[in-house]
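Student:
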Amino acid sequence: KEEREWLRNLPMRKDIHLQEYRIRISIVHATMDNPNMWGYIFDRFTAAASLQYQWTPLCFFGHTHTPLAFENSDDVVGGPYEQLQILPNHKYLVNVGSVGQPRDRDPRAAFVIYEPDQGLVTLHRVEYDIPSCQKKIINAGLPLRLSERLPVGR
């Protein structure tokens, strides 16, 4: 119960100033253009809408559980990534993937490490105990499909 309350009280969007590195980043669950509507970013068109409301050079998001990155310099381009070099005067919208319930057909947990001193965002994948997680999902009374999709990453 406490965890749900804590999650409920989180802001829909957060801008953070990393003073040591003189950079600002944003964090949002869904989209920057309308964070309360839980929209999906899967292509350059939906990314472009979100990037218009991004005031920082780098934004991390999730919601789709699919690691994708979009860059806006003159035009919006993007897709799957393993590592990004953050360039000056560009904006980046980076989906960090999912530690649980991945949707990109890779059942491993996905997360990023951002190294602001090097301007690098690196996607990492790790194995985890899927059968144990499936049991926890079932025991919690959650929909069976949440358990069934874990081993296939969908």
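The opening position of the sequence shown corresponds to residue 45 in the working numbering, with each subsequent residue numbered one higher.
By construction, the Cβ of each residue, glycine as well, lies at the ideal position given by its N, Cα and C atoms.
1. Using 8 angstroms as the threshold, is the C-beta distance between Phe114 and Leu131 below it?
2. For a test of the three-state rule: what should DSSP assign to Asn78, helix, strand or coil?
3. May I ask you to list the residues that DSSP assigns as paired with Gln127?
4. For Arg193, report the span of its beta strand (DSSP E) as first-last.
5. If you count every other CB in all the chains shown that lies within 10 Å of the CB of Gln63, and 16 or more means buried, which is it?
6. Would you call the CB atoms of Thr100 and Asp161 closer than 8 angstroms?
7. Pick helix, strand or coil for Glu159, following the three-state DSSP scheme.
8. Quick one: Cα of Ile67 to Cα of Glu159, how far?
9. CA-CA distance, Tyr125 and His168?
10. Which of the three DSSP states, helix, strand or coil, is assigned to Asn139?
11. Return helix, strand or coil for Arg88, following the three-state DSSP convention.
12. Below 8 angstroms between beta carbons: does that hold for His109 and Gly141?
Tutor: Considering the structure as presented:
1. In this structure, Leu131 does not lie closer than 8 angstroms to Phe114 by Cβ.
2. Here Asn78 sits in coil by DSSP.
3. BP columns for Gln127 point to Thr166.
4. Counting along the chain, Arg193 falls outside any beta strand (DSSP E), and DSSP gives it neither H nor E.
5. Its Cβ having fewer than 16 others within 10 Å, Gln63 is exposed.
6. Their beta carbons are not under 8 angstroms apart, which means Thr100 does not touch Asp161 by this criterion.
7. Here Glu159 sits in strand by DSSP.
8. Rounded to whole angstroms, Ile67 to Glu159 spans 11 angstroms at the Cα level.
9. Each residue's alpha carbon lies about 10 angstroms from the other.
10. In this structure, Asn139 counts as strand in the three-state DSSP scheme.
11. Three-state DSSP puts Arg88 in a helix.
12. Closer than 8 angstroms, so yes.
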